[in-house]
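Student: Chains F and C are the protein sequences, given in the same order.
The first sequence begins at 4 in my numbering and counts up one residue at a time.
The second sequence begins at 859 in my numbering and counts up one residue at a time.
Cβ atoms here follow ideal geometry from the backbone N, Cα and C, with glycine treated the same way.
Just dropping this structure here.
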Amino acid sequence: MRQSFSVGIGGAAGQGVATPGDIFAKIFSRRGLHLNAYNAYQSIIRGGHTFLTVRTGPDKIATTDGRLDLLVPLNQDTMDRHMRLLSAGSACLYNADLIKPGNPADGVQLCPIPVSKLADISRNKVAQNTLAIGAGLSMMGVGFPALESVLEEQFRKKEKAVVDENISLARSGYDYATQNFKPFAWPLPMTDDRYAVLSGNAAMAMGGAAAGVKFYTAYPMSPSTGVLHWMADHARKAEIMVRQVEDEIGVINMAIGAAHAGVRAMCATSGGGFALMSEGLGLSAQAEIPIVVIDCQRAGPSTGVPTKTEQGDLWQMLGAAFGDYPRVIAAPLDIADCFKLIPEIFNVADRFQCPGIVLCDLLLAEGRLSVDPKDLDFHPVIDRGELITSNGSGEHEAYKRYKITDSGVSPRVIPGVPGHTHTVSSDEHDEDGVLISDEYTNSVKRRAMMEKRMRKMEGIAASIPPPQLLGPANADVTLIGWGSTYGVIDEACELLREAGISVNHLPIRWLVPLHGDAILELLRGARHTIIVENNYSGQFARYLRSETSFVPNGNIRKYDGEPFLPHHIVEAVKEQLAGKTNLSVPAHEIMV
Amino acid sequence: MATEVVNPQAIVMADFKGKVDPDWCPGCGDFGVLAAVQKALVELQIPKHEVATISGIGCSSNFPGFIDTYGMHTLHGRSLPVATGMKMANHAMTVLVTGGDGDGFGIGCGHFVHATRRNVDLLYLVMDNQIYGLTTGQTSPTSRIGMKTKSMPFGNIESPLNPISLALAAGATFVARGFSAEQKHLTELIKQGIEHKGFSFIDVFSPCVTYNHDNTFQWFRPRVKKLEDNPEYDSSDWGAAMEKSLMWGDEIPIGKFFERTDLPSLHAAEPVLKKGPLVQQDCRIPPDIAKSFIDELM
Chain F
4 MRQSFSVGIG GAAGQGVATP GDIFAKIFSR RGLHLNAYNA YQSIIRGGHT
54 FLTVRTGPDK IATTDGRLDL LVPLNQDTMD RHMRLLSAGS ACLYNADLIK
104 PGNPADGVQL CPIPVSKLAD ISRNKVAQNT LAIGAGLSMM GVGFPALESV
154 LEEQFRKKEK AVVDENISLA RSGYDYATQN FKPFAWPLPM TDDRYAVLSG
204 NAAMAMGGAA AGVKFYTAYP MSPSTGVLHW MADHARKAEI MVRQVEDEIG
254 VINMAIGAAH AGVRAMCATS GGGFALMSEG LGLSAQAEIP IVVIDCQRAG
304 PSTGVPTKTE QGDLWQMLGA AFGDYPRVIA APLDIADCFK LIPEIFNVAD
354 RFQCPGIVLC DLLLAEGRLS VDPKDLDFHP VIDRGELITS NGSGEHEAYK
404 RYKITDSGVS PRVIPGVPGH THTVSSDEHD EDGVLISDEY TNSVKRRAMM
454 EKRMRKMEGI AASIPPPQLL GPANADVTLI GWGSTYGVID EACELLREAG
504 ISVNHLPIRW LVPLHGDAIL ELLRGARHTI IVENNYSGQF ARYLRSETSF
554 VPNGNIRKYD GEPFLPHHIV EAVKEQLAGK TNLSVPAHEI MV
Chain C
859 MATEVVNPQA IVMADFKGKV DPDWCPGCGD FGVLAAVQKA LVELQIPKHE
909 VATISGIGCS SNFPGFIDTY GMHTLHGRSL PVATGMKMAN HAMTVLVTGG
959 DGDGFGIGCG HFVHATRRNV DLLYLVMDNQ IYGLTTGQTS PTSRIGMKTK
1009 SMPFGNIESP LNPISLALAA GATFVARGFS AEQKHLTELI KQGIEHKGFS
1059 FIDVFSPCVT YNHDNTFQWF RPRVKKLEDN PEYDSSDWGA AMEKSLMWGD
1109 EIPIGKFFER TDLPSLHAAE PVLKKGPLVQ QDCRIPPDIA KSFIDELM
């Protein structure tokens, strides 16, 4: 089992759950520790229940695991909901003035903080939070200077008195815990590594900047809004034009206009906004104007559960817009991959002049991960494909925008170049861009143009890597996942191996085109295959079957809005191996 | 990126002749609009490779195919967002948006209001025939009350939208109305619209000779009165423009209703574009900026 330490902070929205979470995350990453954070929340600005979990440790931490070492309940509701997650060796830090502890399990250390004695609560409404941060770090064996410098940064925009007050408050909490509470048995280690901590949304936005995106459009929609926020905050430094548009129909069409003018254009949304973008996706494919659209999936359908995660949009992506057309769909495997995937998919979209779809989800979009800064490469390969940007000497053949070629790709001119005027068209057209749909519909030209566009799929398939099996080739169980389940399946595999079950993992990143033959080849020797996905109907299982006829031995699915935890998969694999069921739907034990 | 070898000769009408001839019905009002646009571009001597003509879907939206420029034939109602993206990415281009009343005031009305308030520097020409033509004659957002169409065979009971008032209310900085049969006047409006630095809207009466038997050339001809013929009319007076926009009946004003030049267009207001057209800027993030983005996360 990976050595790790988890802190849970909960309260009502507006009570300031995020700040302690950020402070802990910063201190952990600066100690050279990995971390993963997940915030469970609702669509409410004040009130409700928000529960942030930060898990840290010296090894790679790709998921939270439901276990808590330290609980910081900022209100009674949080105490009542989560006390049962604590077990021997863990502790609960709470405001002794306001919160009653209930009945903890044996070996749980209750740490009441006399907040009104240590702070002037009439002046500082979040005094309990700062005291608890100080106390918690003392118990973790973290020296006070680490906290002091983070607090200085946190409040750097405020006057010095505010900074001093917070540092002195944190110090009181720290000293009080040193004198009154027992430190954790496992003091937090330290390494020489340093990590960047970022959300998937920030990673995708930065990946876009690295890919050379110059135009970004969006309409706010959870959980994708973080991409817009990063873009808007950094637009001037990154020299990206960022526009908030009236609706997602406008968003995608504006992106298409900018892409046609010759820049890389990107937009992000969630399932509902994506539904509005569908027709535009068809335009991108038909007019052969490359764009990249990010879908951060949330639990649907309709408005669904706006603040909860799901992998329920796969078939929407597969079937988005009418007609057959080339498209590329990829799902990032983790938050670091959210960054890396964007330049890759832009290169494919640009080379093959078609839409690229990034199928992310709330778990990655809003989760936080420690990432080696070296993995945030701002100088990736940029391949714009066959672009004509100048008329050179002025001598050239008559330009045909949709010239029929073996690859299906026709060189694309950037508007403004003399001698290359043409019309790009949503209607079916001939090689010259002249519409064939209105006056003389020509079946020979239509067929040739369909085949030209669809031929691009062969080139796309050849340009993307096939999936790979992780772990021993000859395992008892093969777990198949796609996108964001990568981290949790990886840890479940480790736990299963410790329990004596040999297991390997097939994560799928490129969904369309799917390397069906390569997948069948990898699964040929598999003894017991299980598909793990965060939806009700097994959308990937159905897709894999439609593409390859492959049917797994079992499925593990979850559609309660919360992500998988490693033990959910471990227990499900065990029950399936014991022959109890071939469809496991783990229950989420954390009530948020 | 736009470059180097440019035609040194004067720009003439033949330069803008499209790859195919228009397939509009004989006598369609759109012919007059096409000719006026071509004339305006010739009079302004704008090379065709510096012009983008962008449309939605409908009879009049086939326009980009009938003029030789960088054309885009997009989705029904979506020409304005596409054109906005195009203009933002390359504001050196002259952007013309062409379409009909169904495309612009029906399915695309939301975009019309927002492109207007954004003051995107483009010319939006609506060939308004008060009917859906390409779908063979249904009621449009500008069809008059009582008009009988295939979708309202017993007569329209919904009030028509007033494009001029709507554009004024949405904050358009150039608002005009033309008539396809008034070629010289329309050409002049188009030239002014192209030269105006901001969102220019021209609603053009472009009669449908096949499906609209109410609002015909004959119906419009005695009614249209040029605002330019009235020396008293002040097109910088928004209130007067709004008042004029409500006139409909025996006298229907055409001409420039309103223009203001004190507001920056969207691309002029955007700091990122101060360095020049986006498409000509370097797309790589400089190493020191990239480092600062990562440092924020450490």
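In this structure, how does DSSP classify I102/F when only helix, strand and coil are distinguished?
Tutor: Start at 1 with the first residue of the first sequence, and residue 102/F comes out as number 99. Of the three classes helix, strand and coil, the one that applies to I102/F here is coil, per DSSP.
Student: Taking the alpha helix (DSSP H) that A352/F belongs to, which residues open and close that run?
Tutor: Taking the first sequence and counting its residues from 1, one reaches residue 352/F at position 349. Residues 338–355.
Student: Taking 8 Å as the threshold (C-beta atoms), are A973/C and L1026/C in contact?
Tutor: By 1-based counting over the second sequence, the position of residue 1026/C is 168. By 1-based counting over the second sequence, the position of residue 973/C is 115. No; because the gap between Cβ atoms is not below 8 Å, this pair is not in contact.
Student: Please decide whether E249/F counts as near chain C, where near means a Cβ-Cβ distance under 8 Å.
Tutor: As a working mapping, residue 249/F is identified with position 246 in the first sequence. E249/F counts as touching chain C.
Student: Return the chain-ordered list of same chain residues with a C-beta closer than 8 Å to the C-beta of L336/F, the five sequence neighbours on each side being excluded.
Tutor: Start at 1 with the first residue of the first sequence, and residue 336/F comes out as number 333. The residues are G486, S487, Y489, G490, P510, R512.
Student: So, at 8 Å on beta carbons, what are the nonlocal neighbours of N556/F in its own chain, with the 5 sequence-adjacent residues on each side left out?
Tutor: Against the first sequence, residue 556/F aligns to sequence position 553. Hits under 8 Å: H531, T532, I533, Q579, N585.
Student: Of all the residues that make up the stretch 1059–1087 of chain C, which are near chain F by a beta-carbon distance shorter than 7 Å?
Tutor: Here the close residues number zero.
Student: Can you look up K217/F in the DSSP assignment and give me helix, strand or coil?
Tutor: Taking the first residue of the first sequence as position 1, residue 217/F is located at position 214. Three-state DSSP puts K217/F in a strand.
Student: In its own chain, which residues sit with a C-beta less than 6 Å from the C-beta of P23/F, not counting the 5 before and 5 after it?
Tutor: Along the first sequence, one-based indexing puts residue 23/F at 20. Here the set comprises I12, N132, I136.
Student: Please check if any C-beta of chain F sits within less than 8 Å of the C-beta of L1155/C.
Tutor: Here residue 1155/C corresponds to residue number 297 of the second sequence, with the count starting at 1. Taking Cβ atoms only, chain F reaches closer than 8 Å to L1155/C, which makes this a yes.
Student: Could you tell me if Y539/F is buried or exposed, where buried requires 16 or more neighbouring beta carbons within 10 angstroms of its beta carbon?
Tutor: Indexing the first sequence from 1 puts residue 539/F at position 536. Exposed, since its Cβ has fewer than 16 Cβ neighbours within 10 Å.
Student: At which residue ranges does the stretch 960–1044 of chain C contain complete alpha helix (DSSP H) runs of 4 or more residues, listed in the order of the chain?
Tutor: Complete alpha helix (DSSP H) runs here, min 4: 967–976, 1021–1027.
Student: Under the rule that 16 or more other beta-carbon atoms within 10 Å means buried, what is V554/F, buried or exposed?
Tutor: The residue labelled residue 554/F in the question sits at position 551 within the first sequence. Label assigned to V554/F: exposed.
Student: In angstroms with no decimal places, state the Cα-to-Cα distance between D961/C and D1153/C.
Tutor: As a position in the second sequence, residue 961/C is number 103, starting the count at 1. As a position in the second sequence, residue 1153/C is number 295, starting the count at 1. Answer to the nearest angstrom: the Cα atoms are 48 Å apart.
Student: Unbroken beta strand (DSSP E) runs of length 3 or more, entirely within the stretch 163–246 of chain F: which are they?
Tutor: For the stretch 163–246 of chain F, whole beta strand (DSSP E) runs of length 3 or above, ordered along the chain, are 199–202, 216–221.
Student: Please compile the residues from chain F whose C-beta is within a distance smaller than 7 Å of the C-beta of Y1091/C.
Tutor: The residue given as residue 1091/C occupies position 233 in the second sequence. Correct list: empty, because the minimum Cβ distance to chain F is about 33 Å.
Student: Give me the Cα-Cα distance between A860/C and L902/C, rounded to the nearest whole angstrom.
Tutor: As a working mapping, residue 860/C is identified with position 2 in the second sequence. As a working mapping, residue 902/C is identified with position 44 in the second sequence. Reliability fails at A860/C, whose pLDDT of 48 lies under 50, so the model's placement of it is uncertain and the value that follows must be treated cautiously. Distance between the alpha carbons of A860/C and L902/C: 19 Å.
Student: Go ahead and pull the three-state DSSP assignment for M257/F.
Tutor: Here residue 257/F is taken as the residue at index 254 of the first sequence, counted from 1. Helix.
Student: When the Cα of G887/C is compared with those of S1093/C, K1084/C, P922/C, V1062/C, which residue comes out closest?
Tutor: As a working note, residue 887/C is residue 29 in the second sequence. For the residues S1093/C, K1084/C, P922/C, V1062/C, the minimum Cα distance to G887/C belongs to V1062/C.
Student: Chain C beta carbons: is any one of them nearer than 8 Å to that of G215/F?
Tutor: As a working mapping, residue 215/F is identified with position 212 in the first sequence. By this cut-off, G215/F is an interface position.
Student: Mind checking the stretch 937–969 of chain C against chain F and listing, in chain order, the residues whose C-beta falls within less than 7 Å of any C-beta there?
Tutor: Within the stretch 937–969 of chain C, the qualifying residues are P939, V940, A941, T942, G943, M944, M946, A947, N948, A950, M951, G968, H969.
Student: Does M143/F come within less than 8 Å of chain C when only Cβ atoms are used?
Tutor: Looking up residue 143/F in the first sequence gives position 140. False, the Cβ-Cβ gap to chain C never drops below 8 Å.
Student: Report the neighbours of L1131/C on chain F: residues whose CB is nearer than 8 Å to its CB, in chain order.
Tutor: Taking the second sequence and counting its residues from 1, one reaches residue 1131/C at position 273. The answer, in chain order, is M244.
Student: Report buried or exposed for D386/F, applying the criterion of at least 16 other Cβ atoms within 10 angstroms of its Cβ.
Tutor: Your numbering for residue 386/F matches position 383 in the first sequence. Counting Cβ neighbours within 10 Å, D386/F comes out exposed, since fewer than 16 surround it.
Student: Would you call the CB atoms of E536/F and R560/F closer than 8 Å?
Tutor: Indexing the first sequence from 1 puts residue 536/F at position 533. Indexing the first sequence from 1 puts residue 560/F at position 557. In contact: E536/F and R560/F (Cβ atoms closer than 8 Å).
Student: What residue from I522/F, F381/F, A352/F, G307/F has the CA that sits closest to E389/F's CA?
Tutor: Against the first sequence, residue 389/F aligns to sequence position 386. It is A352/F whose Cα lies nearest to the Cα of E389/F.
Student: Short check: CB of L317/F to CB of Y546/F, under 8 Å?
Tutor: Start at 1 with the first residue of the first sequence, and residue 317/F comes out as number 314. Start at 1 with the first residue of the first sequence, and residue 546/F comes out as number 543. Against a cut-off of 8 Å, the Cβ pair of Y546/F and L317/F comes out as a contact.
Student: Of all the CB atoms in chain F, is at least one closer than 8 Å to the CB of I1152/C?
Tutor: Working through the second sequence from its first residue, we reach residue 1152/C at position 294. Closer than 8 Å: yes.
Student: Between the stretch 1137–1146 of chain C and the stretch 260–277 of chain F, do three or more beta carbon pairs fall short of 8 Å?
Tutor: The stretch 1137–1146 of chain C, when compared against the stretch 260–277 of chain F, does touch it at the 8 Å Cβ threshold.
Student: Check whether the stretch 15–22 of chain F touches the stretch 47–67 of chain F, taking contact to mean three or more Cβ pairs, one atom from each stretch, closer than 8 Å.
Tutor: Counting Cβ pairs under 8 Å, three or more are found: they touch.
Student: Pop quiz: W189/F and F31/F are said to be a contact at Cβ under 8 Å. What is the actual Cβ separation, rounded to whole angstroms?
Tutor: For this step, residue 189/F is matched to residue 186 along the first sequence. For this step, residue 31/F is matched to residue 28 along the first sequence. W189/F to F31/F, Cβ: 14 Å. No contact.
Student: Would you list, in chain order, the members of the stretch 872–889 of chain C that have their beta-carbon closer than 9 Å to a beta-carbon of chain F?
Tutor: If the cut-off is 9 Å between Cβ atoms, the stretch 872–889 of chain C has G876, K877, V878, D881 near chain F.
Student: Taking the beta strand (DSSP E) that W1077/C belongs to, which residues open and close that run?
Tutor: The sequence position of residue 1077/C within the second sequence is 219, counting from 1. It is not in any beta strand (DSSP E) - W1077/C instead sits in the alpha helix (DSSP H) that spans 1075–1078.
Student: What did DSSP end up calling V1137/C once you bin it into helix, strand or coil?
Tutor: Taking the second sequence and counting its residues from 1, the one referred to as residue 1137/C is at position 279. The answer is helix: DSSP assigns V1137/C an H, G or I state.
Student: With distances taken between CB atoms, is the gap from C224/F to T181/F smaller than 8 Å?
Tutor: In the first sequence, residue 224/F corresponds to position 221, counting from 1. In the first sequence, residue 181/F corresponds to position 178, counting from 1. Correcting the residue type first, residue 224/F is Met in the shown sequence and not Cys. No. Outside cutoff.
Student: What residue does the alpha helix (DSSP H) around F921/C start on, and which one ends it?
Tutor: Locating residue 921/C in the second sequence gives position 63, counting from the first residue. Segment: none, F921/C is in no alpha helix (DSSP H) and carries neither H nor E.
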